[in-house]
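This report refers to the structure that appears directly beneath it.
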Amino acid sequence: MRWLDRLLGRAEYDSRIADAYVARRSPQADDGLPFRFLVEDVFVITGRGTVVVGTVQSGAARVGDPVLVGSTDSVVDGIEVFGSRADQTITGEPVGLLLRGVTRDSVARGGQVLGRS
10 MRWLDRLLGR AEYDSRIADA YVARRSPQAD DGLPFRFLVE DVFVITGRGT VVVGTVQSGA
70 ARVGDPVLVG STDSVVDGIE VFGSRADQTI TGEPVGLLLR GVTRDSVARG GQVLGRS
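Plus 9 on top of the position in the sequence shown (first one is 1) and you've got the working numbering.
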């Protein structure tokens, strides 16, 4: 640490800000809120279905969970995180969701995928 930073007490200040930011931005397993996913891109995999890529805004979804895409009922057929299959999503994490019965035209960038209870 440089002498000016020590003199001004910046090291402690900076570390508190960084710790608070990391805690706020870190993925959480399930925050207890309903599942909400913001769509950033859409792909179609021939023979498999439609994949939406984006970030989980709240809640968690698991393979087999019912979801609502616009006005279309669907089911999560698969979850992928950083190129690896996963069983569930985590709030704050960028993921890909393979959705059953959803066409490319029924979902677009900026759309949402919502959990159904």
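For glycine and all other residues, C-beta sits at the position ideal for the given N, C-alpha and C.
Exposure of L42 is indicated by the presence of fewer than 16 other C-beta atoms within 10 angstroms of its C-beta. Going by DSSP, E89 is part of the beta strand (DSSP E) stretching over 81-90.
Look at S115 here: in three-state DSSP terms it is helix. A straight-line Cα-Cα distance of about 13 Å links A70 and L47. Residue ranges of uninterrupted beta strand (DSSP E) with 3 or more members, entirely inside the segment 42-82 and ordered along the chain, are 45-54, 58-67, 75-78. Annotation: V61 to V78 spans about 10 Å, alpha carbon to alpha carbon.
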